[in-house]
Structure formats: structure tokens, C-alpha cells
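Asker: Protein chains in written order, with our numbering: chain P, 1 to 321; chain E, 322 to 952.
C-beta atoms are modelled at their ideal positions from N, C-alpha and C, and glycine is treated no differently.
A quick note: this is a predicted structure, and the numbers were derived from the prediction, not measured.
Below is one structure. I have some questions about it.
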Amino acid sequence: MLRYLIRRVLWMILVLFVITLITFWIFFVLPPVDPAVTFAGRAPTPETINRVREQFGLDKPLYQQYFHFVDAFVTGDRFGWPGMGYSFASKAAIRDSVLGRAWITMQLALGAAFLWLLIGIPIGIISALKRRTIVDRAAMGFALFGVSAPVFWLGLVGLYLFWNKLGWSAGTGYVPFGDDPIAWFRHFWLAWVVLALLYAAFYARLVRGNMLEVMSEDYIRTARAKGLSERRVVLKHGLRSSLTPVVTLFGLDLGGLLGGAIITESVFNIPGLGPYTVAAAFRGDLPVVLAVTLFGAVAITFFTLVVDVVYAYLDPRVRYA
Amino acid sequence: MFIVALLTALTLTAAACGGGGGEETGELGDPERGGTFRVEIDEFPWEQGYGFDPTVEYVGDDWTLLKTLLIRGLTGYRYVTAEEGGTEAIPDMAEGLGEFSEDGLTVTYKIKPGIRFGDPVGREITAQDFVTSFERLGTAELTAGGYANYFVPLVEGMQAFNDGEADSISGVTAVDDRTVQFKLTKPSPDWDFRMAMPAAAPIPEEAATCFTGYATYGNYLVSSGPYQFEGMDQVDFSDCDDLTPPSGFKLEEHMLLERNPNYDASTDNPEARESFPDRFEFRKNTNPENSYDKLARGEIDYAWATPPPDVIARYSRNEDLKKFMFQFPDNSTWYLTMTMTQPPFDDVNVRKAVNAIMDKTGMIQAWGGVATGIPAEHAVPPTVLNALNAGEYDPYKSENHRGDLEAAQAFMKESKYDTDGDGLCDADACKNLTHITRETDPFPNVAAVVDSSLEKIGITTRLVEAASFYGAAGTPAKPVHITSGSGWGPDWAEPITFFELTFLGTSISIANNINISMTGFTAQVAQNLNSQYQQQEDQELKGLKVDPPAAPVPGIDDRFAACADLEPGDERAQCWIDLDMFIMEEIVPWVPYRWGNDVDIVGPAVTKYEFDTFGANIAFSHVAVDPSKQT
Numbered sequence: 001m002l003r004y005l006i007r008r009v010l011w012m013i014l015v016l017f018v019i020t021l022i023t024f025w026i027f028f029v030l031p032p033v034d035p036a037v038t039f040a041g042r043a044p045t046p047e048t049i050n051r052v053r054e055q056f057g058l059d060k061p062l063y064q065q066y067f068h069f070v071d072a073f074v075t076g077d078r079f080g081w082p083g084m085g086y087s088f089a090s091k092a093a094i095r096d097s098v099l100g101r102a103w104i105t106m107q108l109a110l111g112a113a114f115l116w117l118l119i120g121i122p123i124g125i126i127s128a129l130k131r132r133t134i135v136d137r138a139a140m141g142f143a144l145f146g147v148s149a150p151v152f153w154l155g156l157v158g159l160y161l162f163w164n165k166l167g168w169s170a171g172t173g174y175v176p177f178g179d180d181p182i183a184w185f186r187h188f189w190l191a192w193v194v195l196a197l198l199y200a201a202f203y204a205r206l207v208r209g210n211m212l213e214v215m216s217e218d219y220i221r222t223a224r225a226k227g228l229s230e231r232r233v234v235l236k237h238g239l240r241s242s243l244t245p246v247v248t249l250f251g252l253d254l255g256g257l258l259g260g261a262i263i264t265e266s267v268f269n270i271p272g273l274g275p276y277t278v279a280a281a282f283r284g285d286l287p288v289v290l291a292v293t294l295f296g297a298v299a300i301t302f303f304t305l306v307v308d309v310v311y312a313y314l315d316p317r318v319r320y321a
Numbered sequence: 322m323f324i325v326a327l328l329t330a331l332t333l334t335a336a337a338c339g340g341g342g343g344e345e346t347g348e349l350g351d352p353e354r355g356g357t358f359r360v361e362i363d364e365f366p367w368e369q370g371y372g373f374d375p376t377v378e379y380v381g382d383d384w385t386l387l388k389t390l391l392i393r394g395l396t397g398y399r400y401v402t403a404e405e406g407g408t409e410a411i412p413d414m415a416e417g418l419g420e421f422s423e424d425g426l427t428v429t430y431k432i433k434p435g436i437r438f439g440d441p442v443g444r445e446i447t448a449q450d451f452v453t454s455f456e457r458l459g460t461a462e463l464t465a466g467g468y469a470n471y472f473v474p475l476v477e478g479m480q481a482f483n484d485g486e487a488d489s490i491s492g493v494t495a496v497d498d499r500t501v502q503f504k505l506t507k508p509s510p511d512w513d514f515r516m517a518m519p520a521a522a523p524i525p526e527e528a529a530t531c532f533t534g535y536a537t538y539g540n541y542l543v544s545s546g547p548y549q550f551e552g553m554d555q556v557d558f559s560d561c562d563d564l565t566p567p568s569g570f571k572l573e574e575h576m577l578l579e580r581n582p583n584y585d586a587s588t589d590n591p592e593a594r595e596s597f598p599d600r601f602e603f604r605k606n607t608n609p610e611n612s613y614d615k616l617a618r619g620e621i622d623y624a625w626a627t628p629p630p631d632v633i634a635r636y637s638r639n640e641d642l643k644k645f646m647f648q649f650p651d652n653s654t655w656y657l658t659m660t661m662t663q664p665p666f667d668d669v670n671v672r673k674a675v676n677a678i679m680d681k682t683g684m685i686q687a688w689g690g691v692a693t694g695i696p697a698e699h700a701v702p703p704t705v706l707n708a709l710n711a712g713e714y715d716p717y718k719s720e721n722h723r724g725d726l727e728a729a730q731a732f733m734k735e736s737k738y739d740t741d742g743d744g745l746c747d748a749d750a751c752k753n754l755t756h757i758t759r760e761t762d763p764f765p766n767v768a769a770v771v772d773s774s775l776e777k778i779g780i781t782t783r784l785v786e787a788a789s790f791y792g793a794a795g796t797p798a799k800p801v802h803i804t805s806g807s808g809w810g811p812d813w814a815e816p817i818t819f820f821e822l823t824f825l826g827t828s829i830s831i832a833n834n835i836n837i838s839m840t841g842f843t844a845q846v847a848q849n850l851n852s853q854y855q856q857q858e859d860q861e862l863k864g865l866k867v868d869p870p871a872a873p874v875p876g877i878d879d880r881f882a883a884c885a886d887l888e889p890g891d892e893r894a895q896c897w898i899d900l901d902m903f904i905m906e907e908i909v910p911w912v913p914y915r916w917g918n919d920v921d922i923v924g925p926a927v928t929k930y931e932f933d934t935f936g937a938n939i940a941f942s943h944v945a946v947d948p949s950k951q952t
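Shown next as C-alpha cells:
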């Protein structure tokens with residue numbers, strides 16, 4: 001396992017390198033508009049454009065710009081480690097913004113993830129066990145709703161009902177846990193539910209499908225024949241095998257969400273990575289885009305690694321050399 | 322001004338907004354000192370790239386914040402409506418407006434005693450602090466994208482300083498601690514207006530030495546006004562490498578203001594600043610609709626985003642809510658440009674036909690309805706010209722501003738691009754024209770109306786929705802045919818700034834060009850541009866080239882210069898009016914379609930509201946809240 005882990009980490013570094021190279025190429029080599037021109041203001045003189053280019057480091061050869069970016073990320077810059085430079089638009093240090101926002105996005109993502117597993121997996125199990133009953137129909141109806149309802153619509157309706165009318169939610173915004181745990185929860189719970197509903201629906205369908213397949217396997221019949229309780233048959237034998245694709249998907253979903261749940265964060269005014277990145281992309285704020293892309297890539301590759309390790313635990317047939 | 326950068330306008334057609342709501346500013350209750358004025362905004366204006374640094378900041382909303390709350394200049398405004406005197410320059414830190422020498426080349430100001438900087442500087446403001454701010458303004462590295470061009474050519478020695486050929490600006494001197502004098506290269510009757518701009522405000526040397534990078538000072542701005550960032554008392558400029566921003570200003574999160582402990586209201590003019598609230602909070606809300614919900618509940622006091630049509634309709638129709646909504650002209654003109662170097666727009670008859678056919682009412686509906694503005698009839702808004710009000714002068718009049726096909730066809734028949742005289746543009750040059758618009762709302766919808774109007778006279782387009790409008794449309798070497806993403810407002814209450822960058826041939830720049838129509842484009846201008854392209858380090862820009870025009874494109878440079886040389890007064894005012902009419906009837910580079918409205922809705926706890934015609938925004942220097950009504 002250790003050798004496997006080392007190999008995967010090295011592979012992860014290679015993947016990150018390729019991602020940064022591609023992202024750098026897309027945004028710095030093929031930009032739709034020269035960032036120096038974008039931030040040089042209206043009717044700039046050639047001197048102004050050249051000056052802005054120099055200030056942003058865009059006057060250096062591309063390979064030097066890339067090397068500087070990677071070097072800063074690995075070793076740090078004047079703003080700290082990892083070094084991400086400063087935003088062309090706001091002049092704020094990107095590191096502080098990204099790390100701060102990533103932490104907030106993580107709270108949103110983890111809370112939603114907990115909920116969608118809590119909702120999706122039991123619904124999937126029950127639906128599989130009660131196949132073709134009213135319970136199954138209702139569960140899959142819920143799944144259809146969850147998959148179909150746009151997140152922004154769910155969010156706006158949720159705010160209208162639970163904040164505006166019932167007062168159960170504190171509405172939009174973010175309060176740090178350390179400042180007021182109750183306010184923190186009251187601000188987050190609706191966003192968790194809205195975000196979780198979509199994923200819960202997917203997971204319910206996935207678990208149902210897997211369970212139906214697994215529960216018809218020979219070893220399940222054997223387990224029953226041995227006299228094991230139905231609960232044990234379902235949870236220990238059936239569910240465990242059904243969860244391997246769920247784990248894979250979970251790792252990817254969580255990693256992806258850590259790049260920013262754009263719509264949910266926008267609707268609920270949660271200062272996470274999502275709207276921050278979108279705004280930067282529209283503005284041509286390339287250092288922000290590059291930094292967040294790299295951060296997202298790290299998150300996804302990391303969680304993919306975690307998923308693979310958990311895989312080995314879940315499925316005894318999987319062994320890594 | 323103000324490239325009107327914050328565009329959060331609407332796509333939905335407003336349902337009979339009916340122009341309701343208050344048009345009178347004034348008390349909504351008993352304005353009293355105290356409380357916190359809470360604002361939510363969907364995007365902070367300083368995130369446009371200027372970092373809230375007054376030396377370079379060029380976004381109108383930031384000007385409002387700077388001048389009404391944080392910094393004072395030698396001159397300023399009352400930050401009220403035009404009717405209440407909001408367009409007049411008044412003394413601010415100076416005892417009076419500028420004292421001009423007989424030849425108009427020397428202007429002297431006497432600073433009032435007892436005006437102090439906020440924390441951490443704290444000392445009395447002196448004439449030397451204006452020398453510092455002008456040196457900053459004259460430093461080329463610090464002023465990219467700003468408006469240094471309003472000062473550099475005008476102040477003696479400032480160009481040499483800007484070029485690195487002098488260590489100081491000979492034309493700005495601190496005669497003594499309280500007297501600052503400017504020597505000009507030519508008379509500037511509007512000098513008091515220029516001194517009212519944020520870049521001309523004093524900057525303490527103690528801070529300036531730390532901020533030698535572009536747009537870096539804003540996060541540490543030292544106040545000279547009634548408020549300062551919370552936490553400024555903890556900032557220490559003694560070690561520039563170890564600066565920590567004040568807790569009250571996190572560039573991407575919030576701006577929290579507290580009273581400047583060193584501010585003496587007796588040195589200020591209550592007509593300009595009443596400073597009722599003890600604090601201001603500016604926070605971001607990426608869901609503007611939610612901001613308006615919170616506003617209605619009293620959880621905030623002002624939502625700094627264009628109200629959605631349903632909110633406008635609700636406030637317009639409800640007698641109890643009407644008083645909280647205010648609409649004022651924002652002194653802007655939104656317009657289409659037609660590039661006069663590109664067929665078929667090199668023919669003035671085609672440009673006139675486009676003006677005649679355009680469905681301006683439809684375009685305003687695309688913006689969100691009548692609450693957002695009225696059909697523009699000429700280039701400069703009446704509120705800037707102080708003349709030619711709506712209905713008084715419209716050279717391309719049509720019923721309900723819906724366009725006049727007959728009139729348009731009559732113009733088109735005079736054009737060489739109508740080959741068969743049927744009133745339609747049928748030459749190949751009329752087809753598949755490049756039409757650039759912004760990709761953000763409402764511009765795609767506006768563009769759809771434009772294209773629909775153009776089709777009636779035989780012009781078809783290929784629409785491009787650009788993420789960076791001036792990046793796409795403002796490169797003369799990559800000309801486009803027609804654009805529909807432009808808006809302009811004055812930098813001060815005088816038409817001069819409405820013409821300079823938009824219509825002068827000498828203002829055409831190699832990128833982010835505002836004069837997209839290429840008015841006044843001559844062979845000399847082309848030569849200058851090509852020379853500038855060659856100076857570019859970027860290979861892409863370096864390789865660009867503009868073709869000189871076969872004949873000079875009609876322009877206004879000489880007429881503009883003649884108007885600018887006149888002393889303020891009736892003759893000068895009439896000159897601008899005549900220039901506007903000349904542009905509309907003889908040059909015809911634009912189709913002005915909307916004179917904008919600023920719609921402000923305040924919360925139930927607000928007891929006083931004013932509209933600042935200078936910033937075309939709510940006047941924060943005059944607002945008040947009743948904390949007992951806040952939730």
C-alpha cells in the first residue's frame with residue numbers, strides 16, 4: 001500500500017503540472033483580451049499599456065512567467081505560502097482570498113455531502129428493498145424532482161419559504177462558526193439542503209441500482225441461507241458492495257464542489273470560491289483564475305486518492321501493490 | 322465620466338412601472354445623528370481594477386464613496402440635485418474657489434485651518450500634502466487607466482515630471498503651510514471642477530512613500546473627510562514592508578467606516594456633508610434580489626444594485642412604499658456607435674437612416690422600462706447641457722420613439738448604398754456587419770432590438786457578445802461596424818468632458834478606444850496610432866496597423882477647442898449646445914437611445930435621502946437612519 005501511495009502522489013504531481021500548464025496556456029497565451037489592455041483603463045497610451053504589462057509581469061517571456069508562477073506556488077511569495085500573487089482587479093493577495101473562501105466552500109460542501117449521503121443512501125436502500133412498491137415510486141419521484149429542479153430555483157423558493165415567510169432560516173450570508181455557532185448553522189442549513197437535494201437524488205438512484213444488482217448475487221443468497229439476519233445481509237454484505245461506485249462518485253463530487261458551488265454560493269451570498277472565480281474569469285483576472293484552477297485540481301486529485309484508498313478497505317478484492 | 326462600469330440592469334420588460342416613486346429628495350423622518358447605515362452591493366466598484374486608490378480610481382460609485390465620506394479636496398460639490406445646486410463647484414478645504422491671476426495661468430487656494438487627517442496620521446493638512454498628491458498624479462506608473470490627462474498637460478512642469486525629466490512639478494507649490502498655488506500652461510476656466518476630483522485630494526507623505534505601486538494606496542487610504550476605515554488606528558506606516566490593512570477594509574469582503582476622530586465639522590460645509598450616521602457598512606451580496614428582500618424587511622438600509630422590475634413595480638404602486646423610491650437622471654447617455662471608416666457607415670445618409678429607424682422605446686424596455694431612463698434625443702443629456710430638454714430638440718423624431726421607416730428610407734435613398742433607390746441598404750456592404758455588444762444583461766436584449774430595427778432598412782449584422790466590450794470594440798486596427806454597449810457620463814458638471822474622449826480625433830487610442838466611431842480620424846491620427854502600435858512590447862499589438870482614411874473623417878476638434886477656450890458663461894454654454902446639434906446633424910457618429918435614470922430604494926429605517934448629481938448616486942453625506950426601525 002505504501003508503494004502504491006507514493007506512486008499515486010507522484011502521479012498526482014504530474015497531473016497537477018499538466019493542469020497548470022494547460023490552464024496557463026489557455027489563459028495567458030490564448031486570452032481573448034490582453035490583460036494589460038483590460039486593466040490599462042480607457043484610452044491608454046502605449047506607455048501606459050507597457051507599464052501595466054510590466055507591473056503584472058506580463059512583459060517577461062512566457063516560460064519565465066510560468067516558472068515564476070509555479071515557483072511562487074511551491075515556495076511561497078511575499079504574501080505567504082502557497083504563493084498565488086495578487087489579483088489584477090482588486091490588488092488583494094490571492095492566497096488569503098482563496099484559502100479563506102476555500103474554507104467557506106468546504107463548510108458548504110461537507111455539510112451538503114453529509115446530508116446527501118444521509119438522505120440518498122437510505123432512500124436508495126429502501127427503494128431497492130421495496131422495489132415496485134409505493135415506497136419505491138415515491139423515492140424515485142423524489143429523485144426525479146431532485147435531479148430536475150434547478151438549484152437556483154430551489155434556493156430562491158427555499159429562501160422565500162424558510163427565511164421570508166417562516167423565519168426558520170437566517171437567510172443569505174455567512175457568519176463564522178467561531179463568532180456565533182447558532183447563526184452559522186441558521187445561515188448554512190438551507191444552503192446545505194438545497195445543494196444536497198440534487199446529489200441525494202443521484203445517489204438514491206445509484207444506490208438503488210447497485211443494490212438491486214448486488215442483492216441478486218449468489219453470495220447474498222448464501223448469506224441468507226447461512227441464517228444471517230436480513231439487516232446484516234443488507235448492510236454488511238449488500239450495501240458494502242454497492243458502495244464502491246458511490247465512493248468513487250463521492251470523491252469526485254466532493255472534490256469538484258470544493259472548486260466552488262457557484263450557483264448555491266451566489267443565491268445564498270456565501271463568500272466561497274464559486275462566484276469569486278466566475279467574476280475573475282469575466283474580468284480577465286488571470287492570476288485568480290489560475291490559482292483557483294490549481295487549487296481545485298489539488299482538491300480533486302487529493303480526493304481521488306482518498307477514494308482509491310477507501311476502495312481497498314471496502315472491497316477486499318482490491319489490493320494495491 | 323465614468324465609463325459606466327456597473328451594469329446590473331435588467332432583461333425583463335417592466336410591467337407598467339409607471340414612473341412612480343418619489344422624485345423629491347428630503348426627509349423621510351426626523352434625521353438625527355447616530356446609527357449605522359447598512360448597504361449591500363452585488364459587486365464592489367473597486368474590483369474594477371483601480372483598487373480604490375484615489376490617484377487612479379475612475380469608477381463613479383467609488384468617486385461617490387471617496388468624496389462624500391472619506392476625502393476632501395480644495396473644492397467639492399454639495400452632493401445634491403442639480404436644482405439644489407449640485408452641479409456647482411464650491412469650496413471644500415479651501416476658504417474659497419480658486420483665485421485666478423489676470424492671465425488665468427496662476428490659481429491660488431488658501432486652506433482652512435484646523436483640517437486634520439484621520440488615523441494614523443492625525444496631523445493638520447498642509448499645502449505640501451497637495452504637492453504630494455499631484456506628484457503621485459504625475460507619476461506615470463501610478464496613473465494607468467485614470468484621468469491624469471486632465472492635469473498633466475495643464476500644469477506647468479507636470480509633463481516633464483511625468484516623462485521622468487524632472488524631480489518635482491514646477492507648477493505646484495506650497496507657498497506656505499496653508500497656501501497652495503498652481504501654475505497652468507493655459508487658462509482653464511473649469512479648474513475648480515478638476516480640483517474637485519478625487520485625485521486632487523491631499524495625500525500625506527507619510528503614507529505616500531509606502532505606496533509606489535499602481536493602485537495600492539486605496540486599501541490604506543488616510544481620511545481627510547468625516548469617516549475613516551475601521552481599524553486605521555492600528556495601521557503603522559513606519560515600516561512599509563510590514564503593513565497590515567485596516568480591519569475595516571477587506572477589498573473583497575467589506576468596507577466598514579467609523580467617524581474620523583480628527584474631523585472637525587466646523588471646517589466643512591453642511592450643505593455638502595451632514596454626516597448623520599456614526600458608521601457605514603458596505604457588504605457584498607451576490608444575490609441582488611435577496612438584497613431587496615432584506616431591504617423591505619429593514620435588515621439593510623440601501624441595496625446598491627439596479628432594482629429588479631418587480632421591485633420597482635411594487636414600490637411604484639404601493640402608497641406606503643412609494644416614498645422610499647427615488648428616480649433621478651444620472652447624466653448618462655447610452656448610445657450606439659457607427660464606425661465611420663467602415664462601409665456603409667462612411668456615408669452620413671446611412672447613419673441618419675439608422676438614427677431615424679431605431680426603436681428607442683424598445684431598447685429602453687430591454688433595459689427594464691421607463692424607470693430606468695427615457696429615450697435620448699441627442700448626444701449630451703439635458704441635465705448636463707442645462708438645455709435641450711426632452712421634446713425640445715430631436716432631429717430624428719418618431720412617434721413614441723419607435724422609429725420612422727418613411728424618414729429612414731428617405732435618408733437611405735440619398736445613400737450610395739441604396740443601389741436601386743427603394744430606401745433599403747442593398748449593397749453588399751450592408752450585409753453581415755459586425756455588431757459588438759456586452760454579454761451582460763441587458764445588452765443582448767438591447768442588441769436584438771437594434772438588429773431588428775436595422776433589418777427594416779436592409780442592414781443585417783453578425784452579433785458578438787463580448788466579455789470585454791472595449792477590448793473587443795476599442796481597437797482601431799480591428800474595426801467593427803456598429804456597437805451597442807456604450808454609455809458615457811460627464812466627469813464634472815460641464816459638457817466638456819462629454820466630448821473629449823468620445824469625439825476628438827486626437828483622443829483615438831490604440832486600445833480601449835472610447836471614440837469607437839472614429840470621429841475626426843485623419844491621416845495624421847493614423848500615423849500616430851501606427852507609431853504607437855510599433856512601440857508596444859506585446860507582439861500581438863505590435864503587429865497591428867490602421868489604414869489611413871482616403872479622406873479625413875468628419876470631426877469636431879476645432880469646434881471643441883473653440884468652446885473650451887471660452888470663459889464660463891452663456892457664450893460657452895451655447896457653444897456646447899451648438900456642438901451637440903452639429904454632432905447630431907452633420908457628423909452623426911452615434912445613435913443616442915437612452916438618458917439613464919438612477920433608481921434608488923431605501924429601507925424603512927432611513928430618515929433622510931439625497932441624490933448626488935455629481936456621482937449620479939445616493940448622497941451618503943446626507944443620509945440618516947433611525948436605529949429603532951432597523952432589524
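1. Can you tell which of E/G689, E/A415, E/N590, E/G619 has its C-alpha closest to the C-alpha of E/D498?
2. Since E/I392 and E/G546 are thought to touch, with beta carbons under 8 angstroms apart, how far apart are those beta carbons, to the nearest angstrom?
3. My assumption, with CB atoms under 8 angstroms, is that P/P271 sits in contact with P/Y174. Please give the rounded CB distance.
4. For E/K431, which of E/D554, E/I446, E/G864, E/Y398 has the nearest alpha-carbon?
5. Kindly indicate which residue of E/Q555, E/A793, E/V846, E/L754 has the alpha-carbon position closest to the one of E/T780.
6. Please list the partners that E/G372 has in chain P, where partner means a Cβ-to-Cβ separation under 7 angstroms.
7. For E/A677, tell me which candidate among E/T660, E/V691, E/S719 has the shortest Cα-Cα distance.
8. Please state if the CB of E/M839 and the CB of E/P869 are separated by a distance shorter than 8 angstroms.
9. For the region 20 to 40 of chain P, which residues have a beta carbon sitting closer than 9 angstroms to at least one beta carbon of chain E?
10. Helix, strand or coil: how does DSSP classify P/S90 here?
11. Am I right that E/P375 and E/P567 are in contact with their C-beta atoms under 8 angstroms? What's the rounded C-beta distance?
12. Check the Cβ-Cβ distances between E/N590 and every residue of chain P, and say whether any is below 8 angstroms.
13. Hey, could you find the ends of the beta strand (DSSP E) E/L418 is sitting in?
14. Does the distance from the CB of E/V909 to the CB of E/M679 come in under 8 angstroms?
15. Scan the region 48 to 78 of chain P for residues whose Cβ lies nearer than 7 angstroms to a Cβ of chain E and list them as they occur along the chain.
16. What residues in the region 264 to 290 of chain P bring their beta carbon closer than 8 angstroms to a beta carbon of chain C?
17. Select from the region 102 to 121 of chain P all residues with a C-beta closer than 9 angstroms to any C-beta belonging to chain E, and list them in chain order.
18. Which full runs of the beta strand (DSSP E) of 3+ residues lie inside the region 748 to 778 of chain E, going along the chain?
19. Is P/P35 near P/G284, with beta carbons less than 8 angstroms apart?
20. Near P/G251, what residues of its chain come up, given a Cβ to Cβ distance below 7 angstroms and the 5 sequence neighbours on each side ignored?
21. Taking buried to mean at least 16 other C-beta atoms within 10 Å of its own C-beta, is E/K866 buried or exposed?
22. Do you know how far the Cα of E/F649 is from the Cα of E/E344?
23. Tell me whether E/F824 is buried or exposed, calling it buried when 16 or more other Cβ atoms sit within 10 Å of its Cβ.
24. Under a Cβ-count criterion, where at least 16 other Cβ atoms within 10 Å of its own Cβ denotes burial, should E/T660 be classed as buried or exposed?
25. Which of the three DSSP states, helix, strand or coil, is assigned to E/M518?
26. Leaving out the 5 sequence neighbours to the left and right, which residues in its chain are closer than 6 angstroms to P/A196 when beta-carbon positions are compared?
27. What first and last residue would you give for the beta strand (DSSP E) that runs through E/W625?
28. Enumerate, from N- to C-terminal direction, the unbroken alpha helix (DSSP H) stretches of 4 or more residues contained entirely within the region 705 to 755 of chain E.
29. When you compare only the Cα positions, how much space is there between P/L257 and E/D878?
30. Out of E/F881, E/V691, E/I778, which has the shortest C-alpha to C-alpha gap to E/F819?
31. With a CB to CB cut of under 6 angstroms and the five nearest residues on each side skipped, what residues in its chain are close to E/V669?
32. So what does DSSP say about P/V157, is it helix, strand or coil?
33. For P/R51, tell me which candidate among E/A403, E/Y535, E/I898 has the shortest Cα-Cα distance.
Answerer: If we stick to the structure as given:
1. Numbered from its first residue, the second sequence carries residue 498 of chain E at position 177. Of the listed residues, the one whose Cα sits closest to E/D498 is E/A415.
2. To locate residue 392 of chain E, count along the second sequence from 1; it is residue 71. To locate residue 546 of chain E, count along the second sequence from 1; it is residue 225. That belief holds up - the Cβ atoms of E/I392 and E/G546 are roughly 5 angstroms apart, short of 8 angstroms.
3. Taking the first residue of the first sequence as 1, we reach residue 271 of chain P at position 271. Taking the first residue of the first sequence as 1, we reach residue 174 of chain P at position 174. Indeed, because the Cβ distance is near 6 angstroms, the residues count as touching under 8 angstroms.
4. For the purposes of this step, residue 431 of chain E is taken as the residue at position 110 of the second sequence. For E/K431, the nearest C-alpha among the options comes from E/I446.
5. Locating residue 780 of chain E in the second sequence gives position 459, where the first residue counts as 1. The sequence given here has Ile at residue 780 of chain E, not Thr. Checked all of E/Q555, E/A793, E/V846, E/L754; the closest Cα to E/I780 is E/L754.
6. As a working note, residue 372 of chain E is residue 51 in the second sequence. Within 7 angstroms Cβ-Cβ: S90, K91.
7. Counted from its first residue, the second sequence places residue 677 of chain E at position 356. Minimum Cα distance to E/A677 is reached at E/S719.
8. Start at 1 with the first residue of the second sequence, and residue 869 of chain E comes out as number 548. Start at 1 with the first residue of the second sequence, and residue 839 of chain E comes out as number 518. It is not a contact, given that the beta carbons lie outside the stated cut-off.
9. P32, V33, D34, A36, V37, T38, F39, A40
10. Against the first sequence, residue 90 of chain P aligns to sequence position 90. Of the three classes helix, strand and coil, the one that applies to P/S90 here is coil, per DSSP.
11. Within the second sequence, the letter at position 54 stands for residue 375 of chain E. Within the second sequence, the letter at position 246 stands for residue 567 of chain E. About 16 angstroms; that fails the 8 angstroms criterion.
12. Against the second sequence, residue 590 of chain E aligns to sequence position 269. Not closer than 8 angstroms to any Cβ of chain P, the Cβ of E/N590 fails to qualify, so no.
13. Residue 418 of chain E sits at position 97 when you count from the first residue of the second sequence. Here E/L418 belongs to no beta strand (DSSP E), and DSSP marks it neither H nor E.
14. Working through the second sequence from its first residue, we reach residue 909 of chain E at position 588. Working through the second sequence from its first residue, we reach residue 679 of chain E at position 358. Not a contact, by the Cβ cut-off of 8 angstroms.
15. T48, I49, N50, R51, V52, R53, Q55, D59
16. Chain labels in this structure do not include chain C; the protein chains are P and E.
17. none
18. 754 to 759
19. Counting from one through the first sequence, the residue named residue 35 of chain P turns up at place 35. Counting from one through the first sequence, the residue named residue 284 of chain P turns up at place 284. Yes. Within cutoff.
20. Within the first sequence, residue 251 of chain P is the residue found at index 251, counting from 1. Contacts found: F303, T304, V306, V307.
21. Numbered from 1 along the second sequence, position 545 holds the residue referred to as residue 866 of chain E. Per the 10 Å Cβ criterion, exposed.
22. Indexing the second sequence from 1 puts residue 344 of chain E at position 23. Indexing the second sequence from 1 puts residue 649 of chain E at position 328. Low per-residue confidence applies at E/E344: pLDDT is 47, beneath 50, and the placement is therefore not dependable enough to give any value.
23. If you number the second sequence from 1, residue 824 of chain E lands on position 503. Buried: at least 16 other Cβ atoms inside 10 Å.
24. As a position in the second sequence, residue 660 of chain E is number 339, starting the count at 1. Buried, since its Cβ has 16 or more Cβ neighbours within 10 Å.
25. The count along the second sequence starts at 1 and reaches residue 518 of chain E at position 197. Coil at E/M518, not helix or strand.
26. Mapped onto the first sequence, residue 196 of chain P falls at position 196. Cβ neighbours of P/A196 beyond the five flanking positions: A112, L115, W116.
27. For the purposes of this step, residue 625 of chain E is taken as residue 304 along the second sequence, with counting starting at 1. Residues 623 to 625.
28. 726 to 734
29. If you number the first sequence from 1, residue 257 of chain P lands on position 257. If you number the second sequence from 1, residue 878 of chain E lands on position 557. Going from the Cα of P/L257 to the Cα of E/D878 covers about 56 angstroms.
30. Numbered from 1 along the second sequence, position 498 holds the residue referred to as residue 819 of chain E. Of E/F881, E/V691, E/I778, the residue nearest in Cα terms is E/F881.
31. Locating residue 669 of chain E in the second sequence gives position 348, where the first residue counts as 1. The answer, listed in chain order, is V909.
32. The count along the first sequence starts at 1 and reaches residue 157 of chain P at position 157. If DSSP states are grouped into helix, strand and coil, P/V157 belongs with the helices.
33. As a first step, residue 51 of chain P must be located in the first sequence, where it is residue number 51. For the residues E/A403, E/Y535, E/I898, the minimum Cα distance to P/R51 belongs to E/Y535.
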